[in-house]
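Numbering (this note's numbering), first residue to last: 65 to 342.
Structure representation (structure tokens):
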């Protein structure tokens, strides 16, 4: 992995914390494994309460141990979160997060109180009103984030601090993706080169391209993720694939501000030389 000299470790950690927060708030697919009671759930609604606690909603089968587990009794679980890119042309895992924790199912009265106080995420609240749904809190002390920059352990306290500073979704993921993708391959390819060569702040990881790549992805640049700290791009070459994080000068809070930050990256990366994107 190459890191341009201008990028600070604080920026990289900020990106990872923000990514973890977005995944925990619902921006990822969730799987829950309660191995001590022999239960696994591949499609779990999850999010954070207004107080910042991890909350999940499941609808276990009647013969499942989780359907009869008493409220207030904890069981050890592994929670896996997988976030995919929003590019329809290429299916890529943008990041994943993993944690071990204790799931404590809530009594009906506690769920009703959280609903009345509007403490639950929208999807959790919808499911909580359906008979047979069990709502619980997951308590953990850290989360492991695995992205294209490597694996980063983040203490739960650090995530709570980051959330207090504002990591909530500030725009629609698909709209943010479209803002970045609208610049086209030549401009985004130049941003990738500028990060790799250390001309703009960021990180780059290079690896051999997979054999047998389809022609429609060769020499294309895909937007893998958009964060308030920067954008993650993937340039697929015939022999080498570069995954690049380019950091913003200032965190955007609107789509127009995002457009301005991406424009600054393109301008700072140097002259754009048009090339046909296959």
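Where is the CB? At the ideal position from N, CA and C, for every residue including glycine.
- Message: Quick check on the burial criterion: 16 or more other C-beta atoms within 10 angstroms. Buried or exposed for residue 177?
- Response: Residue 177 sits at position 113 when you count from the first residue of the chain shown. Residue 177 comes out exposed.
- From residue 122 to residue 111, what distance separates their C-alpha atoms? As a position in the chain shown, residue 122 is number 58, starting the count at 1. As a position in the chain shown, residue 111 is number 47, starting the count at 1. In this structure, the alpha-carbon of residue 122 lies about 12 Å from that of residue 111.
- Could you say if the stretch 263–280 and the stretch 299–318 meet the contact criterion of at least three C-beta pairs nearer than 8 Å? Proximity of the stretch 263–280 to the stretch 299–318 meets the contact definition, three or more beta-carbon pairs being nearer than 8 Å.
- Item | DSSP state of residue 69 mapped onto helix, strand, coil | Locating residue 69 in the chain shown gives position 5, where the first residue counts as 1. Since pLDDT at residue 69 reaches only 46, below the 50 mark, its modelled position is unreliable, and the value read off the structure follows with that caveat. Residue 69 sits in coil when the DSSP states are folded into three classes, being neither helix nor strand.
- Query: So, do the stretch 183–191 and the stretch 114–133 have three or more beta carbon pairs nearer to each other than 8 Å?
  - Reply: Contact between the stretch 183–191 and the stretch 114–133 is present, because at least three Cβ pairs lie under 8 Å.
- Item | Distance CB(residue 295)-CB(residue 310) smaller than 9 Å | Here residue 295 refers to the residue found at position 231 when the chain shown is read from its first residue. Here residue 310 refers to the residue found at position 246 when the chain shown is read from its first residue. Contact flag set, yes.
- Query: Taking residue 126 as the reference, which of 140, 103, 145 has the closest Cα?
  - Reply: The residue given as residue 126 occupies position 62 in the chain shown. Closest option to residue 126, Cα to Cα, is 103.
- For the putative contact between residue 170 and residue 199, defined by C-beta atoms under 8 Å, what is the C-beta separation to the nearest angstrom? Reading the chain shown from its first residue, position 106 is the one you call residue 170. Reading the chain shown from its first residue, position 135 is the one you call residue 199. 5 Å between Cβ atoms; contact.
- Near residue 328, which residues of its chain fall below 7 Å by C-beta distance, leaving aside the five closest residues on each side in sequence? Along the chain shown, one-based indexing puts residue 328 at 264. If we look at residue 328 and ignore the five residues flanking it on each side, its Cβ neighbours are 313.
- How about residue 240 and residue 319: are their beta carbons less than 9 Å apart? The residue you call residue 240 lines up with position 176 of the chain shown. The residue you call residue 319 lines up with position 255 of the chain shown. Their beta carbons are under 9 Å apart, which means residue 240 touches residue 319 by this criterion.
- Item | Straight-line gap, residue 88 to residue 204 (C-alpha atoms, nearest Å) | The residue you call residue 88 lines up with position 24 of the chain shown. The residue you call residue 204 lines up with position 140 of the chain shown. One C-alpha to the other measures close to 12 Å.
- Query: Measuring CA to CA, which of 124, 90, 86 is closest to residue 97?
  - Reply: Sequence index remark: in the chain shown, residue 97 carries index 33 (1-based). Ranking 124, 90, 86 by Cα distance to residue 97 puts 124 first.
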